[in-house]
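Following: one structure in structure tokens, then a few remarks.
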Amino acid sequence: MGENENKPRLCHLVKWPDFQGYGFNLHAERGKAGQFIGKVDDGSPALAAGLKDGDRIVEINGINIGNENHQQVVGRIKAGGDEVTILVVDSETDKYYKDMKQIVRNDLPEVVKMSAAREQQNGEDNPDNQPESEPPSEPSEPEPPREPSPEPEPEREPEPEPEPEPAKEEERLPEPEPEQVSTQEDTPAVEEVVVNANGVNVEEDDESSRYIPRLCHVTKWPDFQGYGFNLHAERDKPGQYIGNIDSDSPAEEAGLRKGDRIIEINGVNIENESHQQVIQRVKAVPNETTMLLLDDAADKYYKDKGITVNSSMPNVMKLENKPREATVNGTSDQPSQVSQPAPAASPVTQAPPPSQPSANGDPLADMSKLSAKEMRELLKSRRKQDPKKGTGMDFKSKVEMAQRM
């Protein structure tokens, strides 16, 4: 057992046909964040998979449940059907990783993998899948490590005796009795703290509502260089932080604050990544990026509680900066303004009145009042009417008109 000290355990629980449920209780206490393993039944799949009384649950089926409540955790366990994988740490391991400020995950190389899976052949157990997860109830037979597996069978045969006990069956997570579920769901007056016959206390932490992670979606503006913030890191302080933020920048409008610690970039946790890796993640998506951030107070709160923050948490606040159009002639054109040149051209198409010869027969009498653009249109219309004939003007008149244009 010494070789597994201060190591997380990834426990694969599989229901056995001769044992009801997984054989463990879920436990939570007021003033203590997280969900814990309570009593583990002898000769159960839970015991064979390596679960221990007092273990803190870190993940269920690969999902971190640090910020989930009792009912959500029960739902995740039941969602797996006849099997579930639980990442747990005992109290010493939990303290070790918190002191090291390291996040526990199932893909860490030091994680110890254990399983309660077994194959049935002709009614005999095949214990090949339980090398170190066998209950140490018969240490007197070390020669065949596979022998102990048939021995739990006789122990599990009389196991139905404790199973009918209501208190035990009610709190067996995979198959809770309707009474237990209805008690927790139908009594909002005791929703904050639920105590059942097995001594399981369930607590909802209202304090977390004051510490809000922010999911900031930052989009570049065409009239602003970059996002408008700096990345900051300190030699003796782990993590990547938001540095200076330019005023009136996309970053400022999207809710970034100086000193925020970056948790995720574009949905990927970057807490263990280097400065250069974080920069590359920001650049990976052109013209926009999404960052999950914690201010100093929220960061301290979640670290003290041992809660891993992620963007799927229900209390995450989502922020973004508004898109901005390109600036034209010093003004920012809105989409409706960009399409305005059409009305400006309409007077030009209504040039027929000026195109009519004047009453005194002098074509230049009214032309002097026309703009250069209208003159050009008038000449075009006259050419279309009689392309073989001239305009009726002598060369000198044409020169004077061209000079006015």
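If you're matching positions, the sequence shown starts at 1 in UniProt numbering and goes up one per residue.
Glycine included, C-beta positions come from ideal geometry on N, C-alpha and C.
These numbers come from a predicted model, not from an experiment.
According to DSSP, what are the bridge partners of Phe24?
-> Val40
What do you reckon, are the CB atoms on Glu59 and Leu87 nearer than 8 Å?
-> yes
Kindly confirm or deny that the stretch 64 to 80 and the stretch 36 to 55 touch, where touching means at least three C-beta pairs closer than 8 Å.
-> no
Starting from Thr93 and walking both ways along the alpha helix (DSSP H), at which residues does that stretch end?
-> Ser91 to Asp99
Take Ala117 as the anchor and find which of Val14, Gly267, Ser274 and Ser247 has the nearest alpha-carbon.
-> Val14
Own chain residues within Cβ distance below 7 Å of Ala298, not counting five before or after | Tyr211, Ile212 and Pro213
May I ask you to verify whether the stretch 266 to 284 touches the stretch 246 to 258, counting CB pairs closer than 8 Å and requiring at least 3?
-> no
Three or more C-beta pairs closer than 8 Å, one from the stretch 300 to 309 and one from the stretch 29 to 38: is that the case here?
-> yes
Alpha carbon to alpha carbon, what distance is there between Tyr97 and Leu108?
-> 12 Å
CB contact flag (Ala233, Tyr227, <8 Å) = no
Using a beta-carbon distance below 8 Å, is Arg9 in contact with chain C?
-> This model lacks chain C altogether, as it is built from one protein chain only.
Do Pro274 and Leu292 have their CB atoms nearer than 8 Å?
-> The question names Pro, yet the displayed sequence has Ser at residue 274. Their beta carbons are not under 8 Å apart, which means Ser274 does not touch Leu292 by this criterion.
Quick one: Cα of Gly75 to Cα of Trp221, how far?
-> 44 Å
Rounded distance between the beta-carbons of Leu10 and Val111, thought under 8 Å = 5 Å
Just mark Gln20 as buried or exposed, buried being the case when its beta carbon has 16 or more other beta carbons within 10 Å.
-> buried
For Pro17 and Leu25, the rounded distance between their alpha carbons = According to the sequence displayed, residue 25 carries Asn and not Leu. For Asn25 and Pro17, the distance between alpha carbons rounds to 19 Å.
Is the beta carbon of Thr219 less than 8 Å from the beta carbon of Pro323?
-> yes
Smallest Cα separation from Ala48: which of Gly62, Tyr22 and Asn61?
-> Tyr22
Pro314 classed as buried or exposed, judged by whether at least 16 other C-beta atoms fall within 10 angstroms = exposed
Tell me whether Gly239 sits in a helix, a strand or coil according to DSSP, three-state version.
-> strand
Please report how far the alpha carbon of Asn6 lies from the alpha carbon of Val89, in whole angstroms.
-> 8 Å
With distances taken Cα to Cα, identify the nearest neighbour of Asp82 among Glu252, Leu231, His12 and Glu325.
-> His12
Please state if the CB of Asp260 and the CB of Leu294 are separated by a distance shorter than 8 Å.
-> yes
To which residues of the same chain is Asp41 closer than 6 Å at the C-beta, ignoring the five residues directly before and after it?
-> Gly23
Compute the Euclidean distance between the alpha carbons of Gly80 and Asn61, then round it to the nearest angstrom.
-> 8 Å
With Ile77 as the anchor, note down where its alpha helix (DSSP H) starts and where it stops.
-> His70 to Ala79
I think Glu288 touches His217, with their Cβ atoms under 8 Å apart; what is that distance to the nearest whole Å?
-> 7 Å
Per DSSP, cross-strand counterpart(s) of Arg214 | Leu293 and Met317
Between Pro250 and Asn321, what straight-line distance do the alpha-carbon atoms span, to the nearest angstrom?
-> 6 Å
Nearest to Tyr301 by CA position, among Pro8, Gly66 and Gly38, is which residue?
-> Gly66
Measuring from the CB of Pro222, is there a heavy atom of the ligand COA at a distance below 7 Å?
-> With respect to small molecules bound, the structure shown includes none, and the ligand COA cannot be examined in it.
Leaving out the 5 sequence neighbours to the left and right, which residues in its chain are closer than 8 Å to Gly239 when beta-carbon positions are compared?
-> Ala233, Arg261, Ile262 and Glu271
Looking only at its own chain, which residues have a Cβ that is under 8 Å from the Cβ of Ser91, when we skip the five neighbours before and after it?
-> Gly54 and Arg56
Collapsed DSSP secondary structure at Lys32 in the structure displayed = strand
Go ahead and pull the three-state DSSP assignment for Leu13.
-> strand
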